[in-house]
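Taken in order, these protein sequences are the chains called A and B. With our numbering as the guide, the letters of the first sequence map in order to residues 1 to 338. With our numbering as the guide, the letters of the second sequence map in order to residues 1001 to 1338. Note that beta-carbon positions come from the ideal geometry of N, C-alpha and C, so glycine has one too. First comes the structure, then the notes that go with it.
Number of protein chains: 2
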Amino acid sequence: MTKRSQSVTMADVGARAGVTARTVSNVLSSNAPVKPETRERVLRAVDELGYRMNNSARGLRTGRTGTIALAIPNIGIEYFAELARLIMDEAARHDWAVVLQQTGARRRTEIDILSGARREHTDGLIFQPHALGPGDERYLAGNDRLVILGDRIFNGPVDHVVMKNVESARTATEYLIDRGRRRIAAIGASSQEHVVSAASLRLRGYQEALRAAGLEIASERVMVVDEWFMADGAAAMNRLLDQPHPPDAVFCFNDSMAIGALHAIASRGQRAPDDVAVIGFDNIPAAQYTNPSLTTVEPGTAQVAKYAVDALAARVSGSHEPPREIFTAYSLVVRRSA
Amino acid sequence: MTKRSQSVTMADVGARAGVTARTVSNVLSSNAPVKPETRERVLRAVDELGYRMNNSARGLRTGRTGTIALAIPNIGIEYFAELARLIMDEAARHDWAVVLQQTGARRRTEIDILSGARREHTDGLIFQPHALGPGDERYLAGNDRLVILGDRIFNGPVDHVVMKNVESARTATEYLIDRGRRRIAAIGASSQEHVVSAASLRLRGYQEALRAAGLEIASERVMVVDEWFMADGAAAMNRLLDQPHPPDAVFCFNDSMAIGALHAIASRGQRAPDDVAVIGFDNIPAAQYTNPSLTTVEPGTAQVAKYAVDALAARVSGSHEPPREIFTAYSLVVRRSA
DNA sequence: CCATCTGGTTTCATCGATGAACTATCGGGC
DNA sequence: GCCCGATAGTTCATCGATGAAACCAGATGG
Chain A
1 MTKRSQSVTM ADVGARAGVT ARTVSNVLSS NAPVKPETRE RVLRAVDELG
51 YRMNNSARGL RTGRTGTIAL AIPNIGIEYF AELARLIMDE AARHDWAVVL
101 QQTGARRRTE IDILSGARRE HTDGLIFQPH ALGPGDERYL AGNDRLVILG
151 DRIFNGPVDH VVMKNVESAR TATEYLIDRG RRRIAAIGAS SQEHVVSAAS
201 LRLRGYQEAL RAAGLEIASE RVMVVDEWFM ADGAAAMNRL LDQPHPPDAV
251 FCFNDSMAIG ALHAIASRGQ RAPDDVAVIG FDNIPAAQYT NPSLTTVEPG
301 TAQVAKYAVD ALAARVSGSH EPPREIFTAY SLVVRRSA
Chain B
1001 MTKRSQSVTM ADVGARAGVT ARTVSNVLSS NAPVKPETRE RVLRAVDELG
1051 YRMNNSARGL RTGRTGTIAL AIPNIGIEYF AELARLIMDE AARHDWAVVL
1101 QQTGARRRTE IDILSGARRE HTDGLIFQPH ALGPGDERYL AGNDRLVILG
1151 DRIFNGPVDH VVMKNVESAR TATEYLIDRG RRRIAAIGAS SQEHVVSAAS
1201 LRLRGYQEAL RAAGLEIASE RVMVVDEWFM ADGAAAMNRL LDQPHPPDAV
1251 FCFNDSMAIG ALHAIASRGQ RAPDDVAVIG FDNIPAAQYT NPSLTTVEPG
1301 TAQVAKYAVD ALAARVSGSH EPPREIFTAY SLVVRRSA
């Protein structure tokens, strides 16, 4: 209609409806009282002119953008896709749009995101770090309105939504032990053992279970990987099966690697769980549809999403309560692979 | 440091560096000449004060937000997760942030997104419609800076990046015929046949191949589904296997459904490809790691992402060339399942 | 009859960065 | 010595919505 669809402003709408821009604003945003028939006329004018609110202007004035950022390592990992989906659903209930940022698990990118370099002035940030951890608290500075996901990794004053990584990993490993497995491998350890990460916590749970059962903790059965993709899981499984005494069970630190492991097992003509039992972590939707279907740890992903968004909402609306650490409930989902 | 981290402005930085806000702007954004040592001082001040550009203000002035929207049905479908990943990578090269919107494949939501109700004043929109199609051109009005993905569905004046759905589906079906299969089913048809959609185009390719080979097109072998999730594929496959004369092959309109189908087959103690050959569509990363690995159509996803972002970039920088329709290259990726 | 209140609307300044236009300084070139 | 052009900065208005406060009925109450 108009030459530049951008250029319709509240003043234009007001002119058409016979009121000022301020009244248009009152109709569209404010809770100030407006006479019903005026409201009617304004809304009609909005419609006729195809008016769209200019969010930059509103954002400049109010300091709110209506957008939050979600920073995750890689949306190609199904768990993060699922997490993103759930978080976006929650965010929608707060009328937030979500800007997605992939960190690629790179330290540099994670720092950039925290320091705001890549952050497009959002109202808040939900952040699942991978490369950053304890000792990096300084990068949190200036980030009120921040929620950290996934692991308990910062000592700094910031809200965390965390899984019971150690406990749930121990539960998964105990399950394998209870089913009579004795040579239990782990896939997904990190090359930097000292860092507190999902990898090191799940590894600890695994080790605790073995130790409690009096089983040997064989270092050659702990597979270190670069990343947590299916390809990494498959490669690690192949290396395990090449060993002189291959394992009779393997605990993968996420479902993607478990899917890779299942594939490697089948490719070599072996069978899960008969030859090797496989257990995963995350309970992604696909875990139900692998062959055999995947036994895995349900870490409370939906809770993570809900708690994270709610915690952020509280910060955004000005809460100054001391940062909380919220734990999600986990459970073991038993299917066919173990 | 400051009470409200938001409040550091270019003027503040300038004051500290002994210049005006305009010069700070020149250093940070403009290509106007600035003396090296001034630049130095300004950058130092930026650092010391922890200054972050206010994107709302800039957006208000320039009319650019530095953000584009990507609207897809559901990021829980792996193909869309992969597509989103690739598009975000491309967008990053244009210094764009990406706001993700899920339509849920709902018509109402798709209309809302096009009409801007849920659109947070972005610089442009990449949109994969599902429920909208030909006849809905009116909803495109006022959307310059729009790229439509996935299928050739609008006659309106808008850029499309489209797959060769009919041809590639025909190729996939022909492959099954060449391998000696005769009772070939299809999973993924839509209940609204008349709408031009991925579903109807892939169905057409399937039918063309059967017809060309002189094979019967049995309507009971064309499975209609609600959505394209793994669960839908599994359910459809189970219905097929319950038939008196079950198929010896099945062409699934996406990989997620194919994964569901593979699972259904294995759950009933049957084997792919021996009993039933399975072929998918999309070549998602997981297709490589199913058991058996999945033969599928590679539709040129990376090209979709690149072309879409480039086309959008052209529009944003003011191109008024007639809208283009860009086709991606497809190929058949042969693995074990067929 | 004046003071007070309340619903409904307007006026005005403002958020922070940037486009446009302008000033100041410094070398040349003739 | 004067003009010109280039370089380095400045000033000022402006983008569009909204907070604050004023304004203006008309109703209520003493």
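Residue i vs residue j beta-carbon contact at 9 angstroms
i                       : j                       : result
residue 70 of chain A   : residue 125 of chain A  : yes
residue 166 of chain A  : residue 215 of chain A  : no
residue 162 of chain A  : residue 328 of chain A  : yes
residue 67 of chain A   : residue 97 of chain A   : yes
residue 1186 of chain B : residue 1147 of chain B : no
residue 229 of chain A  : residue 280 of chain A  : no
residue 291 of chain A  : residue 1291 of chain B : yes
residue 160 of chain A  : residue 324 of chain A  : yes
residue 1169 of chain B : residue 1135 of chain B : no
residue 210 of chain A  : residue 171 of chain A  : no
residue 298 of chain A  : residue 256 of chain A  : no
residue 1123 of chain B : residue 1138 of chain B : no
residue 140 of chain A  : residue 110 of chain A  : no
residue 1078 of chain B : residue 1226 of chain B : no
residue 53 of chain A   : residue 29 of chain A   : yes
residue 1037 of chain B : residue 76 of chain A   : no
Residue i versus the options, residue with shortest Cα-Cα distance
i                       : options                           : result
residue 1254 of chain B : B/1271, B/1278 and B/1066         : B/1278
residue 1149 of chain B : B/1310, B/1319, B/1333 and B/1274 : B/1310
residue 61 of chain A   : B/1007, B/1229 and B/1140         : B/1007
residue 1049 of chain B : B/1026, B/1012 and B/1059         : B/1012
residue 267 of chain A  : A/241, A/156 and A/197            : A/241
residue 1046 of chain B : A/77, A/96 and A/116              : A/116
residue 1272 of chain B : B/1305, B/1304, B/1285 and B/1237 : B/1237
residue 219 of chain A  : A/197, A/263, A/68 and A/184      : A/184
residue 1064 of chain B : A/318, A/56, A/31 and A/63        : A/56
residue 1293 of chain B : B/1338, B/1318 and B/1039         : B/1338
residue 333 of chain A  : A/307, A/285 and A/262            : A/285
residue 1101 of chain B : B/1089, B/1092 and B/1084         : B/1084
residue 179 of chain A  : A/164, A/274, A/42 and A/43       : A/274
residue 304 of chain A  : A/91, A/336, A/36 and A/112       : A/91
residue 1039 of chain B : B/1016, B/1244, B/1307 and B/1234 : B/1016
residue 107 of chain A  : A/195, A/336 and A/232            : A/195
residue 288 of chain A  : B/1316, B/1282, B/1231 and B/1318 : B/1231
residue 1151 of chain B : B/1029, B/1082, B/1197 and B/1213 : B/1197
residue 316 of chain A  : A/203, A/143, A/30 and A/258      : A/143
residue 213 of chain A  : A/203, A/312 and A/176            : A/176
residue 314 of chain A  : A/217, A/235 and A/158            : A/158
residue 233 of chain A  : A/243, A/258 and A/217            : A/258
residue 203 of chain A  : A/239, A/235, A/164 and A/10      : A/164
Same chain, Cβ closer than 8 angstroms to residue i, five either side skipped, listed in chain order
i                       : result
residue 199 of chain A  : 188, 189, 190 and 253
residue 80 of chain A   : 72, 73, 74 and 128
residue 32 of chain A   : 26
residue 245 of chain A  : 183
residue 982 of chain B  : Residue 982 of chain B is absent from the model: chain B starts at 1001 and stops at 1338.
residue 1335 of chain B : 1287, 1288, 1292, 1293, 1294, 1295 and 1296
Residues bridged to residue i (per DSSP)
i                       : result
residue 46 of chain A   : Looking at the DSSP assignment, residue 46 of chain A forms no beta bridge with any residue, so it has no partner.
residue 1071 of chain B : B/1101 and B/1127
residue 297 of chain A  : A/281 and A/332
residue 969 of chain B  : Shown here, chain B extends from 1001 to 1338; a query on residue 969 of chain B therefore has no answer.
residue 250 of chain A  : A/185 and A/278
residue 1223 of chain B : B/1187
Residues of its chain near residue i, where Cβ-Cβ distance is below 7 angstroms and the 5 sequence neighbours each way are ignored
i                       : result
residue 302 of chain A  : 86
residue 14 of chain A   : 20, 21, 23 and 24
residue 1276 of chain B : 1247, 1248, 1249, 1250, 1265 and 1270
Neighbourhood of residue i by C-beta distance below 6 angstroms, restricted to the same chain and skipping five residues each side
i                      : result
residue 4 of chain A   : Confidence at residue 4 of chain A is low in this model, with a pLDDT of 40, below 50, so the placement of that residue is unreliable and no value is reported for it.
residue 34 of chain A  : 26 and 27
residue 43 of chain A  : none
residue 59 of chain A  : 65
residue 51 of chain A  : 8 and 13
residue 217 of chain A : 207 and 210
| task | Scan the stretch 1141-1217 of chain B and note each continuous alpha helix (DSSP H) run of 4 residues or more that stays entirely inside, going in chain order. | result | Complete alpha helix (DSSP H) runs here, min 4: 1165-1178 and 1198-1212.
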